[in-house]
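Trainee: Using this note's numbering, the first residue of the sequence shown is number -13, and each one after it goes up by one.
Where a beta carbon is used, it is the ideal one built from N, C-alpha and C, also for glycine.
Take a look at this one; I'll ask things after.
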Amino acid sequence: MRVSISSNMSSSEIKEASSSDKEDLTPSKVHTRIDVENNSDGSLDIEAGKENVVDSPPGSDDPDIDAGYAWVICFACFLFNFATWGMNSGFAIYFANYLNNNTFPGANKMDYSYIGGLAFGVGLFFSPVLTVIQGKIGLRPTLAIGNCLEFTALMLASFSTKLWQLYLTQGVMQSLGLAFLSVPSVSLVPQYFRKRRILAGSLATAGSGVGGIVFNLGMQKVVEARSVFWALRVQSIIAFVLGWVAIALAKKKKNLPPIKFAMFDKEVLKSASFYLLAFFCITCMFGYVIVLYTLAQFTTSLGYSEYQGSIVSAMVQVGSCFGRPIVGYASDRLGAATVSTTAYTIVGILCFAMWIPARSLATVIVFAIIQGGLMGAIYGMIAPLIARLFGLKKMNLVLANVWCFLGIAGLFSPVIGIKLKHGEGGFVDPTQYVDCSIFAGVSFMCCALTLLIIRGYIKARDYMLAQRGGDSKDTDFSDYTGITVPFTQVFRHMFSYKYGKI
């Protein structure tokens, strides 16, 4: 701003001239610099300049950060999780029905297990492609495609008469619908939250727990009253309606750093932290999916009814409803990697100490609640952890690439679980699931160890930045892909509590 002031101007005229062309300068963000120049005609030129001195972190004065519409976004993501992963967790009911009642003659346990794997993994495997599509057509059109695919898949599955039709509908098509809904929506919460990011993410992912309760218990009642195909129809309608409500509420945050929508990034693929993250997701999914899809059948192998098996599956979701927000709150206080490492260590130990010797319904229910509360910690912390590792502007890209590995693990996890089980099902013998429980326990322990190494990686990187005089506090607007961290430093910092919470 430049104002010319003549020597014969009155004080009121000077004030009017100086305010006629003023700019909006925010005191908390900008210091004003006044430059005064003498002109040959005796007038003064007064120039107000802006110095870019930022006293507060970006977004700290945004009314929708950690408040306001941010909680509406959290609720929308809650509905997305309810209508996607919560609904998909009800597959345990269909799996048990298909397997024990010979719904499709000639099909065996391996045939049915592939359906669950396809539903979980195929769509996620194509996450990088979905990210590019989202960048081309926008957030809401991508979500709308997913909602329509999911509805169509389940409705067509309800009219299937052959196994291959079930593969294409309840398997592949539903998986694509889940991916079109979940991949774009999972990155919304980190855009609107900073201080309460993991808590909000955990509250949003608790929707899958609530959905699991509704679909496990509700659809089991529909199966008993009508048929398994009517359960698919009811499920598709519920998810379709709730999906549109969530889509109407969802919107991308404004004033964000440029978000990269691409399939791959060379710098990310060169980073060791990316492969640690991928291995963490793979081992976590191996344990998670096997426990989620197997507990209902394990309950019937103890001599209990299918309905009691559905109650156990629902208890996993009850644990998810209450456990994920608690884990999220603790993660915001102590750090996501720190809390999640502890959580996965606990669930790994319980697979050996509680699942293998379980012989009563009460024991299985307690095990299901604890596992449900802790083993889904990945869904609330994965996006914030990626933002901490790579920065917010690359979060979509990295998340999509990580989903590929998660999808592969989800695709084969049900098959591995069934292959490790002895017999075809439908008889009383709990020892047929011993190998499943051992595999799940080992997977969770590997998952916890990998997450501990990731924690050490971030701590070591922040230590190196501090030594160089760099700023490691505002990770949302940073790019760490070019930093090399020696593994000796990683191991030294795995148990460190310096340089912030991780």
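Run the CB neighbour count on residue 122, radius 10 Å, all protein chains shown included, and call it buried at 16 or more, exposed below.
Mentor: exposed
Trainee: Let's test the definition: count the other Cβ atoms within 10 Å of the Cβ of residue 325 and tell me whether it reaches 16, buried, or not, exposed.
Mentor: buried
Trainee: By the three-class DSSP mapping on this structure, what secondary structure does residue 470 have?
Mentor: Residue 470 falls in the coil class under three-state DSSP.
Trainee: Cβ atoms of residue 201 and residue 72: under 8 Å apart, would you say?
Mentor: yes
Trainee: Consult DSSP for residue 180 and reduce its assignment to one of helix, strand or coil.
Mentor: Coil at residue 180, not helix or strand.
Trainee: Output the boundary residues of the alpha helix (DSSP H) element that contains residue 286.
Mentor: Residues 258 to 287.
Trainee: Answer yes or no: do residue 400 and residue 103 have a C-beta to C-beta separation smaller than 8 Å?
Mentor: yes
Trainee: If you measure between the beta carbons of residue 265 and residue 436, is that distance less than 8 Å?
Mentor: yes
Trainee: Measuring straight from C-alpha to C-alpha, what distance separates residue 353 and residue 211?
Mentor: 29 Å
Trainee: Do you know offhand how far residue 197's Cα is from residue 453's?
Mentor: 47 Å
Trainee: From the DSSP output, in three-state form, read off residue 496 for me.
Mentor: Because the chain here runs from -13 to 488, residue 496 falls outside it and cannot be looked at.
Trainee: Tell me the rounded alpha-carbon separation between residue 480 and residue 258.
Mentor: 16 Å
Trainee: When you compare only the Cα positions, how much space is there between residue 276 and residue 221?
Mentor: Spanning the two alpha carbons is a distance of roughly 23 Å.
Trainee: Along the alpha helix (DSSP H) that carries residue 212, what are the first and last residues, could you check?
Mentor: No alpha helix (DSSP H) contains residue 212, which DSSP labels as neither H nor E.
Trainee: Output the distance between the C-alpha atoms of residue 488 and residue 470, rounded to the nearest integer angstrom.
Mentor: 19 Å
Trainee: Taking the alpha carbon of residue 366 as the reference point, which residue from 52, 443 and 63 has its own alpha carbon closest?
Mentor: Out of 52, 443 and 63, 63 has the C-alpha closest to the C-alpha of residue 366.
Trainee: According to the Cβ coordinates, are residue 281 and residue 304 closer than 8 Å?
Mentor: When the beta-carbon positions are compared, residue 281 and residue 304 stay at least 8 Å from each other.
Trainee: Given this structure, state the Cα-to-Cα distance separating residue 393 from residue 185, to the nearest angstrom.
Mentor: Looking at the backbone, the Cα of residue 393 and that of residue 185 are separated by about 25 Å.
Trainee: What is the DSSP secondary structure of residue 448, reduced to helix, strand or coil?
Mentor: Helix.
Trainee: Out of 81, 105, 256 and 59, point me to the one whose CA is closest to residue 296's CA.
Mentor: 81
Trainee: Does the count of Cβ pairs from the segment 310 to 320 and the segment 424 to 432 closer than 8 Å reach three?
Mentor: no
Trainee: Pick out the complete alpha helix (DSSP H) segments inside the segment 115 to 154, 4 residues or longer, and give them in chain order.
Mentor: 125 to 143 and 149 to 152
Trainee: Taking 8 Å as the threshold (C-beta atoms), are residue 441 and residue 327 in contact?
Mentor: At the C-beta level, residue 327 and residue 441 come within 8 Å of one another.
Trainee: Between residue 201 and chain D, is there a C-beta pair that is closer than 8 Å?
Mentor: Reference to chain D is not applicable here, since this structure consists of a single protein chain.
Trainee: Please work out which residues of its chain come closer than 6 Å, Cβ to Cβ, to residue 408, disregarding the five sequence neighbours upstream and downstream, and give them in chain order.
Mentor: 418
Trainee: Pick from 426, 420, 467 and 428: whose alpha carbon is nearest that of residue 443?
Mentor: 467
Trainee: Give me, in chain order, the residues of the same chain whose beta-carbon lies closer than 6 Å to that of residue 108; leave out the 5 immediate sequence neighbours on both sides.
Mentor: 158 and 161
Trainee: State buried or exposed for residue 96, treating a residue as buried only when at least 16 other CB atoms are found within 10 Å of its CB.
Mentor: exposed
Trainee: Excluding the five sequence neighbours on either side, which residues of its own chain have a C-beta within less than 7 Å of the C-beta of residue 306, listed in chain order?
Mentor: 192, 194, 195, 198, 358, 359 and 362
Trainee: Give me the Cα-Cα distance between residue 272 and residue 426, rounded to the nearest whole angstrom.
Mentor: 7 Å
Trainee: Using the C-alpha atoms, what's the distance from residue 223 back to residue 253?
Mentor: 43 Å
Trainee: What's the gap between the Cα of residue 78 and the Cα of residue 136?
Mentor: 18 Å
Trainee: I'd like the ranges of any beta strand (DSSP E) spanning at least 3 consecutive residues and lying wholly in the segment 52 to 119.
Mentor: none
Trainee: Can you tell me whether DSSP reads residue 237 as helix, strand or coil?
Mentor: coil
Trainee: Can you check whether the CB of residue 205 is closer than 8 Å to the CB of residue 190?
Mentor: no
Trainee: Output needed for residue 171: all residues of its chain with C-beta closer than 6 Å, excluding positions within five of it in sequence on either side, in chain order.
Mentor: 63 and 66
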